[in-house]
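Colleague: Take the sequence shown: its letters are residues 322 to 455, numbered as in the numbering used here.
One structure coming up, written as structure tokens, with questions to follow.
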Amino acid sequence: MNKIEHIGIAVKNLEESNKLFSSLFGEAHYKIEDVLSEGVRTSFFKSGPNKIELLEATNSDSPIAKFIEKKGEGIHHIAFAVDDIKSEIERLKTEGFIVLNEEPKRGADNKWVAFLHPKSTNGVLIELCQDIKD
């Protein structure tokens, strides 16, 4: 794992949260993107070298809707950049982590993504991210 790629924050209302975080960071988000496979709309902010991803559910069955229903708004996941997501998935499985995606899937911000179950990471949902090379 190379670095923290971004921190994901689950929100109920993306428009209101964009205003809040724009005030916090002193600048607007740089991207809004729907991830249909996950039932979310995302918004990205930069703070120095760091990125924050806001996630709003687009349907009641999405993981974000379920997260907010159970825990409320707040930090949803920490994402780490990796060079080779497939080999990292295999390495982490060998180390005993519970991988939620046997195969990476297309995520927001032009990334391949996979997740580790919080039960195997002290309650923190971990996302692995690799840039998609076109």
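C-beta: ideal position from N, C-alpha, C; glycine also.
Since the model is a prediction, treat every value here as computed from it, not as a measurement.
Among Gly-444, Val-434 and Glu-336, which one has its Cα closest to the Cα of His-327?
Modeller: Taking the first residue of the sequence shown as position 1, residue 327 is located at position 6. The residue with the shortest Cα to Cα distance from His-327 is Val-434.
Colleague: Taking 8 Å as the cut-off, does the stretch 424-432 touch the stretch 345-363 (at least 3 CB pairs, one atom from each stretch)?
Modeller: yes
Colleague: Suppose you measure from the CA of Thr-442 to the CA of Gly-417; what does that come to, to the nearest Å?
Modeller: Looking up residue 442 in the sequence shown gives position 121. Looking up residue 417 in the sequence shown gives position 96. So the alpha carbons of these two residues sit roughly 10 Å apart.
Colleague: Counting Cβ pairs closer than 8 Å, one from the stretch 326-341 and one from the stretch 373-385, do we hit at least three?
Modeller: yes
Colleague: Assuming Ala-402 and Cys-450 are in contact, meaning their beta carbons sit under 8 Å apart, how far apart are those beta carbons, in whole angstroms?
Modeller: Within the sequence shown, numbered from 1, the residue matching residue 402 stands at position 81. Within the sequence shown, numbered from 1, the residue matching residue 450 stands at position 129. That pair is a contact at about 5 Å.
Colleague: Using only alpha-carbon positions, find the residue among His-438, Thr-379 and Ala-349 that is nearest to Phe-365.
Modeller: Counting from 1 along the sequence shown, the entry for residue 365 is found at position 44. Selected option, being the one with the closest Cα: Ala-349.
Colleague: What does DSSP give as the partner residues of Ile-453 in its beta bridges?
Modeller: Your numbering for residue 453 matches position 132 in the sequence shown. As DSSP reads the structure, Ile-453 sits in no beta bridge.
Colleague: Can you check DSSP and say which residues form a bridge with Asp-382?
Modeller: As a first step, residue 382 is located in the sequence shown; it is residue number 61 there, counting from the start. Beta-bridge pairing links Asp-382 to no other residue.
Colleague: Is it right to say Glu-448 is buried, meaning 16 or more other beta carbons lie within 10 angstroms of its own, or is it exposed?
Modeller: Residue numbering aside, residue 448 sits at position 127 when the sequence shown is read from its first letter. By the 10 Å Cβ count, Glu-448 comes out buried.
Colleague: Using a Cβ-Cβ cut-off of 8 Å (strictly less than) and excluding sequence neighbours within five positions of Asn-380, which residues of its own chain qualify?
Modeller: As a first step, residue 380 is located in the sequence shown; it is residue number 59 there, counting from the start. Only Gly-360 and Ala-386 meet the Cβ criterion.
Colleague: Going by C-alpha distance, which of Glu-409, Ser-383, Ile-325 and Glu-424 is nearest Ser-368?
Modeller: As a working note, residue 368 is residue 47 in the sequence shown. The candidate whose alpha carbon is nearest that of Ser-368 is Ile-325.
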